[in-house]
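Right, one structure below, let's go through it.
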C-alpha cells in the first residue's frame, strides 16, 4: 500500500526525499484512527522500538525542512483535478472551540461529503503580533494562495456562507474573475434599477443587482425558518436551481467535524504538542487532509467493487466513503484484490471519477 501511495504522490511533485516518511505517517494516521503520535507509532511498519517510531514522526513534523505544506497541497489539487471533474470549491472560516485558533478550509463537493484541498490555521496571536492586521486580511491571502495552486485556466465556482458575502470579498472575486454562490445578509444596501434599497426590502424571487460596482444576481425565498437570500455572480434558470447549488456548501460539515476532532487532540497532549504555532499546526493539517483524500479515493474504488467490500465492511460504513476506505486500508490485504487501484495509479491521470 505504501509503495503505491508513494508512486501516486511522486506523479504530482512531492519531494522524493520525504515520500517514504510522509506516506508511512499518513497510513498510520488512517489505521490508528487518531491524531495521537504514540498510537500512530503502533502502526508504523518499521523494525524499531515504539519510542524510535514516535521520535521519527515528531522529527518529521517539527524539524523537516523539506516537509512544506504548500507542495503537498499542490499535489492534492493535481491529483483531484486530474481524476475528478470538480466545478465548485467550498470555502469556510471556522473556529476551533476552546482554542484561540481559526481555520480557513477549502474543499470540493464529492458524493455526499467534501474532499479537502487546502487548509491554513490562524492563531489570534498572529493578529495581536500584527502578522495580519485583521481576519479579513488573512482570508484574502488564503484565497489568493488557493487560486495559485488550482490548475491554470480552471474555472470554478466558490460556494460560501454569509461571512464571505461582504462587499470587500465580492469585489475581490469579481477582480479575479471567480464565480460565486453565497448566502448574504439582509442588512446590506444594494442598487437595483438605479435605486438603492436594503436586501430585506426586496420581494421573493430573482433580482439583478449591483453592489459597489459588482453586477450579480440575488435570489430570495421565505420559508418556515425565515428568509433565504442567495447571491450569485451568474444567472440561474430559476430560484430552485440557485438554492440547490448553494446547499452543496453544507457537504463540508462532516469533514470539518472530523478535521476539528483530530486537531483538538494536538492540544491535549502537551508533551508532544507544546509550543504549537501556525507552521506546526499547518503541517499536521496537511497530514489530516492527505489521509482524508486517500481514504475517500480508496472508498470510492471499494464501492465500485461491491463483491469485494461486502466481505469486509459493515452496513454502517457503507454511508461514508472515507470510513469505507479506512476499513479497507486497515484490512491491508484488500490490495491483492484491487487491480483497479493499480490501474488508477497508472492513469491517475486518465481515470475520471463520476458522481
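Residue numbers (our numbering): 25 to 379.
Glycine is no exception: its CB is placed at the ideal position from the N, C-alpha and C atoms.
Taking the alpha helix (DSSP H) that residue i falls in, what are its first and last residues?
i           : result
residue 44  : 40 to 56
residue 193 : 191 to 199
residue 31  : 26 to 34
residue 85  : 74 to 86
How about residue i and residue j: are their beta carbons less than 8 Å apart?
i           : j           : result
residue 189 : residue 207 : yes
residue 180 : residue 104 : no
residue 307 : residue 93  : yes
residue 96  : residue 82  : no
residue 273 : residue 185 : yes
residue 37  : residue 98  : yes
residue 304 : residue 160 : no
residue 271 : residue 203 : no
residue 223 : residue 239 : no
residue 245 : residue 252 : yes
residue 230 : residue 263 : yes
residue 401 : residue 235 : Outside the displayed range of the chain (25 to 379) lies residue 401, so it cannot be described from this structure.
residue 275 : residue 136 : yes
residue 148 : residue 124 : yes
residue 101 : residue 29  : no
residue 25  : residue 353 : yes
residue 121 : residue 146 : no
residue 279 : residue 56  : no
residue 309 : residue 143 : yes
residue 78  : residue 65  : yes
residue 68  : residue 115 : no
residue 254 : residue 205 : yes
residue 80  : residue 47  : no
residue 187 : residue 117 : yes
From what residue to what residue does the beta strand (DSSP E) around residue i run?
i           : result
residue 244 : 238 to 247
residue 112 : 112 to 119
residue 64  : Run containing residue 64: none in the beta strand (DSSP E); it sits in the alpha helix (DSSP H), 61 to 65.
residue 233 : 229 to 235
Can you name the residues that DSSP bridges to residue i?
i           : result
residue 221 : 214
residue 250 : 247
residue 204 : 182
Please check the pair residue i and residue j, which I expect to be a contact at CB under 8 Å, by giving their CB distance rounded to whole angstroms.
i           : j           : result
residue 150 : residue 256 : 32 Å between Cβ atoms; not a contact.
residue 33  : residue 43  : 6 Å
residue 130 : residue 170 : 5 Å
residue 311 : residue 49  : 6 Å
residue 163 : residue 128 : 6 Å
residue 232 : residue 241 : 6 Å
Could you give the uninterrupted runs of the alpha helix (DSSP H) lying entirely in the segment 124 to 184, keeping only those of 4 residues or more?
148 to 152, 159 to 173
Completely contained alpha helix (DSSP H) runs for the segment 254 to 286, where each covers 4 or more residues
263 to 271
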